[in-house]
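Taking mature numbering (1 follows the signal peptide of the UniProt record, and there is no 0), I'd label the letters of the sequence shown as residues -32 to -1, 1 to 517.
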Amino acid sequence: MGSPPSASLKQNNLIFLVFIVILFFCSMPDKANLCSNQSSVNPSAVPYKSSSNISSLETLQLDGYFSFDHIDYAAKDFGNRYHFLPLAVLHPKSVSDISSTIKHIFKMGSTSKLTVAARGHSHSLQGQAQAHQGIVINMESLQGPEMQIHTGELPYVDASGGDLWINILHETLKYGLAPKSWTDYLHLTVGGTLSNAGISGQAFKHGPQINNIYQLEVVTGKGEVVTCTEKQNAELFYGVLGGLGQFGIITRARISLEPAPKMVKWIRVLYDEFSKFSSDQERLISSKDSFDYIEGLVIINRTGLLNNWRSSFNPKDPLQASRFISEGKTLYCLEIAKYFSPDESDIMNQKTESLLSELSYISSTLFLSEVSYVEFLDRVHLSEINLRSKGLWEIPHPWMNLLIPRTKIIEFAQEVFGNILTGNSNGPILIYPVNKSKWNNRTSLITPDEETFYQVAFLSSAMPSSTGRDGLFHILAQNQRILEFCSKAGLGAKQYMPHYSTQEEWQAHFGPQWEVFLKRKSTYDPMAILAPGQRIFRRKYLSHDAGHL
């Protein structure tokens, strides 16, 4: 006979309690493995390769293959600060390859230290897609059904977790369709952005990318291949979205589409008062018939700013624009866009002029441009090409992304842009509000407790070997000052794409959702095999020498 309900409940609670205790001790900081926020980390430049682990992996029957040599690239990412060498790189040709590998490691139990990290286009910032002496899965190698596009009443595209968003854009445009929500940079994988959120200037209207997904195929930390939706395996569906790779690897996603525009009216204007700038942004995101894209930039002491804009934009009043001085000022740029088709140009211009007439920008700084939809969405790629040509792409990027409650944004701006960041910035500073009503609170993503909050992204680049204001140590110290201010001032800020070194910090980040996060981990990845680079949980491992955890 089965256990009575009360006994089963007690037993389940006991199992969960034991799991929490194990994870608590397994997640305590390990100075040998956890990275300092103050420097680049490169443990085990010449890695020890366990012959037993290699032999074990070589027994697997796969469609793809493992690489054990010349895999230094898997210990690098866009952040270029953390370098953890794996034991092997898996180049999967099928979802079965991923499932078999994880299932094999799971069956090895606590006698193995092997972990697994999914690597997309290597745009992580702090080693999140790395696995020290573990297995890195090259998701771009994943082969399977070709991209499938459904053009019905609710159009969608079925894409691989290793597909790049830029390729999805080009394929869906063949049907006159496109995803609704984007990131500013499109050369990222589907699985990578959906494991975080995927935020850009369309988020105020459509929510982040994780809010525009109908279905996922996921390989869990047990090696199980699970199809999930809002109604089928919903706990896994919502857990994986924004889940930082902790509960499963996204191998396929069904992405919502909409009719794609052909052209974009792209506009930039400047403000010299943050209160006017933020007020106009908030007005625009709350308007029913607003722009289709709304972002903002903080520009500190930039020489010849408007002249630089002329390469891509045309000034509304060239004479007045030529007289504008940007040096020595902190300015706020509102960047907005209206989508349209060529035959709707007149109507679009009327709507645009009406919306602009309600704003309080500096009139001499109105710059406009008309570009194709693809050119607008893929605009950052041109900067990448330019930076690569100068050898400035593969340098440290100590980026920091924050979500700030609307009621605290003025206080934040006064301190950060008035006192902490002085002289100039070391890269773009994005700042724009979004509506929380467009974000599903069942996902793993953590946001501030207000209806409207701001995304603030400090996208700094550090010059190699520099010890000055453009060096890594100065930028990291600056970032730390900003975080300390947010904490001491009680702003209720949250990190987006968070990075912490202790479980106490992670628990504070998740707040009331920490228990939900723990339960999902115990259900879908109980051995803590997945995404070790996030440094949330340590691999459950039984030492042969000590005989205990």
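Yeah, the Cβ is synthetic: ideal placement off N, Cα and C, and Gly gets one too.
Margin query: So, does the region 218 to 226 touch the region 113 to 132, judging by three or more C-beta pairs under 8 Å?
Written below: yes
Margin query: Considering only the alpha carbon of each residue, which of 153, 146, 61, 97 lies closest to residue 112?
Written below: The alpha carbon of residue 112 has as its nearest neighbour, out of 153, 146, 61, 97, the alpha carbon of 61.
Checklist line | Element boundaries [alpha helix (DSSP H), containing residue 76] | finding: 63 to 76
Note to self: Judging by CA-CA distance, which residue of 235, 70, 437 is the nearest neighbour of residue 391?
What the structure shows: 437
Item checked: Three-state class that DSSP yields for residue 362 in the structure shown -> coil
Next item on the list: Return the chain-ordered list of same chain residues with a C-beta closer than 7 Å to the C-beta of residue 14, the five sequence neighbours on each side being excluded.
Entry: For residue 14, the predicted structure reports a pLDDT of 47, less than 50, and the residue's modelled location is therefore unreliable. A value from the coordinates is still provided. Closer than 7 Å at Cβ, skipping near neighbours: no residue.
Notebook entry, point to check: Between residue 231 and residue 454, what straight-line distance do the alpha-carbon atoms span, to the nearest angstrom?
Noted result: 40 Å
Notebook entry, point to check: What does a CB cutoff of less than 8 Å around residue 26 pick up in its chain, not counting 5 residues either side in sequence?
Noted result: 34
Checklist line | residue 107 in three-state terms, based on DSSP | finding: helix
Margin query: To test your reading of the DSSP string, which unbroken beta strand (DSSP E) runs of 3 or more residues are found completely within the region 234 to 262?
Written below: none
Item checked: Distance between beta carbons of residue 295 and residue 269, contact taken as under 8 Å -> The beta-carbon distance between residue 269 and residue 295, rounded to whole angstroms, is 6 Å. This is short enough to meet the 8 Å contact definition.
Next item on the list: For the alpha helix (DSSP H) containing residue 455, list its first residue and its last residue.
Entry: Counting along the chain, the unbroken alpha helix (DSSP H) around residue 455 starts and ends at 440 to 456.
Check: Which residue comes first and which comes last in the beta strand (DSSP E) that contains residue 307?
Finding: 298 to 308
Note to self: Does the region 335 to 350 come into contact with the region 204 to 217, if we say contact requires no fewer than three beta-carbon pairs (one atom in each stretch) closer than 8 Å?
What the structure shows: no
Next item on the list: Would you please state the rounded distance, in angstroms, between the beta carbons of residue 366 and residue 461? I believe it to be under 8 Å.
Entry: No, residue 366 and residue 461 are not in contact; Cβ-Cβ is about 18 Å, not under 8 Å.
Notebook entry, point to check: Is the beta carbon of residue 304 sitting closer than 9 Å to the one on residue 374?
Noted result: no
Item checked: Rounded separation between residue 354 and residue 255 - CA only -> 37 Å
Check: Can you tell me whether residue 502 is buried or exposed, with buried defined as 16 or more other CB within 10 angstroms of its CB?
Finding: buried
Next item on the list: Indicate whether the contact test is met: 3 or more Cβ pairs, each with one atom in the region 465 to 473 and one in the region 190 to 207, closer than 8 Å.
Entry: no
Margin query: Excluding the 5 residues flanking residue 48 on each side, which residues of the same chain have their C-beta closer than 8 Å to its C-beta?
Written below: 8, 362, 363, 364, 365
Next item on the list: Report yes or no: do three or more beta-carbon pairs, one from the region 159 to 177 and one from the region 403 to 412, lie closer than 8 Å?
Entry: In the pairwise beta carbon analysis, the region 159 to 177 is classified as touching the region 403 to 412: at least three pairs are separated by under 8 Å.
Item checked: Residues near residue -20 in its chain [Cβ-Cβ closer than 6 Å; skip 5 each side] -> Low per-residue confidence applies at residue -20: pLDDT is 44, beneath 50, and the placement is therefore not dependable, though the value from the model is reported in the following sentence. Around residue -20: no qualifying Cβ.
Margin query: Using the three-state DSSP reduction, which class does residue 116 fall into: helix, strand or coil?
Written below: strand
Next item on the list: Using a threshold of 9 Å, state whether the C-beta atoms of residue 240 and residue 302 are closer than that.
Entry: no
Checklist line | Presumed contact (8 Å Cβ cut-off) between residue 369 and residue 300, rounded CB distance | finding: Contact doesn't hold; Cβ gap of about 18 Å is too wide.
Next item on the list: Out of 284, 275, 229, state which residue places its alpha-carbon closest to the alpha-carbon of residue 260.
Entry: 229
Note to self: Below 8 Å, how does it come out for the region 323 to 336 and the region 266 to 284: are there three or more Cβ pairs, yes or no?
What the structure shows: yes
Next item on the list: Tell me, please, which residues DSSP counts as bridged to residue 218.
Entry: 186
Margin query: Just to confirm my understanding: we take residue 397, look at its own chain, exclude 5 residues before and 5 after, and list those with CB closer than 6 Å. What are they?
Written below: Same-chain partners within the cutoff: 266, 426.
Check: Based on Cα-Cα distance, which residue from 282, 166, 243 lies nearest to residue 413?
Finding: 166
Check: What number of angstroms, rounded off, separates the C-alpha of residue 44 from the C-alpha of residue 452?
Finding: 28 Å
Next item on the list: Can you check DSSP and say which residues form a bridge with residue 193?
Entry: 187
Item checked: Collapsed DSSP secondary structure at residue 144 in the structure displayed -> coil
Margin query: I need the DSSP call for residue 462, collapsed to helix, strand or coil.
Written below: strand
Checklist line | Neighbourhood of residue 59 by C-beta distance below 8 Å, restricted to the same chain and skipping five residues each side | finding: 32, 33, 34, 35, 106, 109
Margin query: Considering just the uninterrupted stretch of the alpha helix (DSSP H) at residue 344, what are its terminal residues?
Written below: 341 to 345
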